[in-house]
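Numbering (the working numbering), first residue to last: 910 to 1066. Note that CB positions come from ideal geometry on N, CA and C, so glycine has one too. What you are looking at is a predicted structure, and each value in this text was computed from that prediction instead of being measured. Notes follow the structure.
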Amino acid sequence: TNSMPSNFNFMRILRILRLIRIVRIVRVLRYFQDLRTMISSIASSCKSLLWTIILVLLLIYIVGVYLTNLIADQATLHPELLQKQEIRRYYGSLFRSTLSLFQAMTGGVDWDDLLRPLTEEISPFLGVVFSLYITFAVLCMMNVITGVFVQSALMTA
């Protein structure tokens, strides 16, 4: 007779443990639901991401070609211009110009570091051109890009 209550207590403990395990599984599945929502939002944003990358690269390329050609033209008139380290580092080739513009857009290089050689060595007018590029690329395009991704995520969720 003494073993009957202890078996009953043991069964009760097993039920409680099983219930705890089920609650734990439900909590984990809830986290996976959030993960699944995030992954589907990212996947649905891939098309927008591709067009965004193309648009950003096109903008950077156009401004990079303009600056590289302008500096090359100035260097034919003033050969000592290419002796300036900052000009060569940031605008010495099309690749360097586009890399500098991308870094300016993403915060990799301080804008003043890129702007100073242009305004001091070439023309103060380039300060306006560079400021327009930064204004359009950072303030306009990045906000629109963020809005497109948020809208895409909301449509998925």
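Where residue i falls: helix, strand or coil (DSSP)
i, result
"G1016", "coil"
"S1032", "coil"
"S1002", "coil"
"T910", "For T910, the predicted structure reports a pLDDT of 48, less than 50, and the residue's modelled location is therefore unreliable. The matter cannot be settled from this model."
"A1046", "helix"
Distance between beta carbons of residue j and residue i, contact taken as under 8 angstroms
i, j, result
"F1058", "S949", "F1058 to S949, Cβ: 13 angstroms. No contact."
"L1027", "L1035", "4 angstroms"
"R997", "L1003", "The pair is not a contact, with the Cβ atoms about 13 angstroms apart (cut-off 8 angstroms)."
"L968", "A1046", "6 angstroms"
"L979", "I1031", "7 angstroms"
"Y1000", "T977", "6 angstroms"
"F1108", "L1023", "Summary: the structure shown does not reach residue 1108, with the chain confined to residues 910 through 1066, and so no result is reported for it."
Alpha helix (DSSP H) segment containing residue i, residue limits
i, result
"F1058", "M1051 to T1065"
"K956", "C955 to L986"
C-beta neighbour in chain D for residue i, strict 9 angstroms
i, result
"N916", "Here chain D cannot be found, since the structure has a single protein chain."
Proximity test, residue i beta-carbon vs the ligand FMN heavy atom, cut-off 8 angstroms
i, result
"L958", "Absence of the ligand FMN is noted for the structure shown, with no ligands found whatsoever."
Checklist entry - On the three-pair Cβ rule with 8 angstroms, is the stretch 962-974 touching the stretch 996-1014? => result With the cut-off at 8 angstroms, the stretch 962-974 and the stretch 996-1014 touch.
Item to check | Stretch pair the stretch 1046-1054 + the stretch 955-970: three plus CB contacts closer than 8 angstroms | outcome: Contact between the stretch 1046-1054 and the stretch 955-970 is present, because at least three Cβ pairs lie under 8 angstroms.
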